[in-house]
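**Q**
Numbering (our numbering), first residue to last: 24 to 369.
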């Protein structure tokens with residue numbers, strides 16, 4: 024009887040369980056162990072001051088240290104490495120602003136303190152800017168301050184690494200979504216600081232005038248948390264029945280109906296939240312309106328549309344479009360697309 028019951032048990036599909044906060048808990052605990060000098064197995068000599076650390080954390084964070092331990096260098100055997108030309112004050116400031124227990128009124132003040140320290144001796148200290156910015160939780164800076172002060176800072180614009188961090192923070196502000204590790208590390212609220220956790224914006228891009236039924240190119244952003252509708256720069260083209268999507272800090276608007284000659288737009292454009300303007304990107308191979316759109320693995324996919332079954336994908340890194348297999352049937356009306364478990368559905 025027991026054997027029969029076992030044989031009748033049906034297998035279940037494998038399910039992946041993920042704790043989105045596990046990485047933060049792990050890093051926070053590891054940092055506390057370092058501060059309390061627990062399980063430290065290596066030392067850094069910075070201007071005569073010994074800082075105890077964990078070799079595993081060093082190897083993960085730095086390709087230099089990973090290579091040093093892999094090659095079994097003398098310093099690895101001695102258990103200490105002397106860091107030459109390392110600014111001890113900069114190290115201490117980075118340690119301070121990375122502390123989850125840091126007591127500040129808001130993240131704006133963390134940025135102000137860091138940038139003011141750097142500008143006090145800008146020629147000597149500007150080399151530390153990327154490291155400092157890495158420890159500032161940019162997505163938690165207020166939207167107004169981020170756009171009017173941080174994004175307007177010339178030092179950040181001149182540094183590619185800093186500019187990339189800024190773009191991701193602005194993208195998070197505009198869409199409330201982001202990319203894995205970046206947001207898990209930088210959008211966690213410091214203990215003791217109260218933030219509005221609802222950071223959500225809605226883009227209103229183009230469409231049709233209520234009178235005259237003609238297309239327009241006006242764009243607005245609705246700030247849900249502050250209940251404000253903000254006007255942003257207009258698109259280059261008047262579009263209706265088009266589609267828009269956000270990907271990696273940039274908002275894209277593609278296709279649509281062309282009122283001028285009753286045709287379908289092939290053109291596409293993107294909105295840069297730093298420069299606050301729309302720029303043309305490469306046009307699609309096929310004009311389309313009423314089509315589906317989604318993103319996957321840093322590509323944008325446009326699917327079908329009015330009387331077309333064609334599918335294309337756009338690579339922002341190369342500014343090029345590629346053709347994909349058609350959907351089985353053309354639709355005489357609206358087409359939509361969505362992503363679920365590595366598959367696009369239309």
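We put the CB at the ideal spot given by N, CA and C, even for glycine.
(1) Look up residue 262 in the DSSP assignment and give the residues it is bridged to.
(2) Taking all protein chains shown into account, do 16 or more other C-beta atoms lie within 10 angstroms of the C-beta of residue 101, making it buried, or fewer, making it exposed?
(3) Pull up the distance between the alpha-carbon of residue 66 and that of residue 73, whole angstroms please.
(4) Just the Cα atoms here: how many angstroms apart are residue 276 and residue 285?
(5) If you run the structure through DSSP and keep just helix, strand and coil, what is residue 205?
(6) Which residues does DSSP pair with residue 269 in a beta bridge?
(7) Please classify residue 212: does DSSP put it in a helix, a strand, or coil?
(8) Can at least three beta-carbon pairs, one atom from the stretch 283 to 302 and one from the stretch 246 to 254, be found at a separation below 8 Å?
(9) For residue 354, report the span of its alpha helix (DSSP H) as first-last.
(10) If I follow the unbroken beta strand (DSSP E) through residue 143, where does it start and stop?
(11) First and last residue of the beta strand (DSSP E) that includes residue 338?
(12) Considering only DSSP beta bridges, list what residue 329 is partnered with.
(13) Taking residue 302 as part of the beta strand (DSSP E), name the residues at either end of that continuous run.
(14) Any idea if residue 314 is buried or exposed, counting beta-carbon neighbours within 10 angstroms, 16 or more meaning buried?
(15) If I'm right that residue 258 touches residue 301 with Cβ under 8 Å, what's the distance once you round it to whole angstroms?
**A** Straight from the coordinates:
(1) 239
(2) exposed
(3) Taking the straight line from one Cα to the other gives about 6 Å.
(4) 19 Å
(5) In this prediction, residue 205 scores a pLDDT of 43, lower than 50, which makes its location untrustworthy; the coordinate-derived value is nonetheless stated afterwards. Helix.
(6) 274
(7) coil
(8) no
(9) Per DSSP, residue 354 belongs to no alpha helix (DSSP H) and is neither H nor E.
(10) Segment 130 to 143 is the alpha helix (DSSP H) holding residue 143; no beta strand (DSSP E) there.
(11) 334 to 338
(12) 354
(13) 300 to 304
(14) buried
(15) 5 Å
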